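In our numbering, the protein residues as written are 1061 to 1377. Built from N, CA and C at the ideal position, the CB exists for glycine as well. No experiment lies behind these values; they were computed from the predicted model shown. All remarks here apply to the structure that follows.
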Ligand SMILES: [Zn+2]
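Structure, rendered in structure tokens:
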């Protein structure tokens, strides 16, 4: 139901994360923020959610997305093609999925997996954008929103660039009461994965997702957020406290990683096996991202050093 002109729609996903939330926001323009994945179940959930608000699919006047992950965008295809469809410009490459980008993504990951020391037999599981094609949407943004922009049709709402979990991530902040529609930047029970993405252009350095994520969280601490309406999980009210806790836990984990590397210099892949012995095979992409996040963090503090070897970069604490 409506709570300060915001209403939540619960949408099931085929992913381990479970349900995702989309939000309908009242303003000059009736806006949907995020759209769930593209599945029949999601479509029914969106229709049911709108119906409970006395609305139908064609009452929505624009769609804005927090980031390009399939559980947040696929359901946009259930709405009219004429709708304005807005988000961060960095979504566009994942929405267009041009042959050039698919090739670039593949090139990037092959080089990167060499550096990480990942064996060839299991490489096909990383950097795969197949899920986007299956559950994502088939349209591209019609307009872009930048950090600090007021949201079109929603006076008082501002975009906050919050990179880290995705290179396209925005959260939306209403200064008057401190509401934040947060996407995946801050969740109550889990910390979002600092997923590795290729740089924005060939030849550029890879974005360091964990460092970005930490910066984004600190950026949120500088706002007066009273409630985060997240993409998954419960509404968060103790925002400052939870962010401090998240940063602290990440720091402590990194120190343990440093101790491991001091005893046993390792490639990122070897370290990933040590940190996630039971799940690394099944969730290679996610566990590697977590591992690289810790490596990037420790390197940024000067706590570890990498050395090029024949089996990839070897890190030493
Ligand atoms: Zn996500």
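Counting pairs of Cβ atoms below 8 Å between the region 1122–1136 and the region 1191–1199, do you hit three or more? yes
Given residue 1304 as reference, the closest of 1332, 1331 and 1273 once Cα atoms are compared: From the listed residues 1332, 1331 and 1273, the smallest Cα separation to residue 1304 is found for 1273.
Would you decide whether residue 1062 is buried or exposed? Buried here means 16 or more other CB atoms lie within 10 Å of its CB. exposed
Given a cut-off of 8 Å on the beta-carbon distance, is the pair residue 1163 and residue 1239 in contact? no
Proximity winner among 1310, 1338 and 1376, relative to residue 1328 (alpha-carbon distances): 1376
For ligand 1, is there a heavy atom less than 7 Å away from the beta-carbon of residue 1244? Under cutoff, so the answer is yes.
Residues near residue 1139 by beta carbon distance below 7 Å, same chain, minus five either side: 1117, 1120 and 1123
Quick check on residue 1267: buried or exposed, where buried means 16 or more other Cβ atoms within 10 Å of its Cβ? With 16 or more other Cβ atoms within 10 Å, it is buried.
Residue 1162 (DSSP reduced to helix, strand or coil): helix
Tell me, to the nearest whole angstrom, how far the beta carbon of residue 1071 is from that of residue 1096; I am working on the premise that it is less than 8 Å. 3 Å
Does any heavy atom of ligand 1 sit closer than 7 Å to the C-beta of residue 1132? yes
What does the Cβ neighbour count give for residue 1080, buried or exposed, with the cut at 16 atoms within 10 Å? buried
With a threshold of 7 Å (Cβ to nearest heavy atom), would residue 1180 be considered close to ligand 1? Not under cutoff, so the answer is no.
Terminal residues of the alpha helix (DSSP H) in which residue 1152 lies: 1152–1156
Delimiting residues of the alpha helix (DSSP H) encompassing residue 1104: 1100–1112
Can you list, in chain order, the residues of its chain with a C-beta nearer than 6 Å to that of residue 1336? Leave out the 5 residues immediately preceding and following it. 1347
Does the beta-carbon distance from residue 1228 to residue 1292 come in below 8 Å? No, the pair does not count as a contact, with Cβ atoms beyond the cut-off.
Mind checking whether the beta-carbon of residue 1148 lies closer than 7 Å to any heavy atom of ligand 1? no
Which runs of the beta strand (DSSP E) spanning at least 3 residues fall entirely within the region 1192–1254, listed in chain order? 1217–1221, 1230–1234 and 1239–1243
In terms of DSSP beta bridges, what is residue 1372 paired with? 1369
Can you confirm whether the region 1174–1187 touches the region 1213–1231 when touching is taken to mean that 3 or more C-beta pairs between the two stretches lie within less than 8 Å? no
Measure the alpha-carbon distance for residue 1276 versus residue 1252 and round it to whole angstroms. 12 Å
Does ligand 1 have a heavy atom nearer than 7 Å to the CB of residue 1082? no
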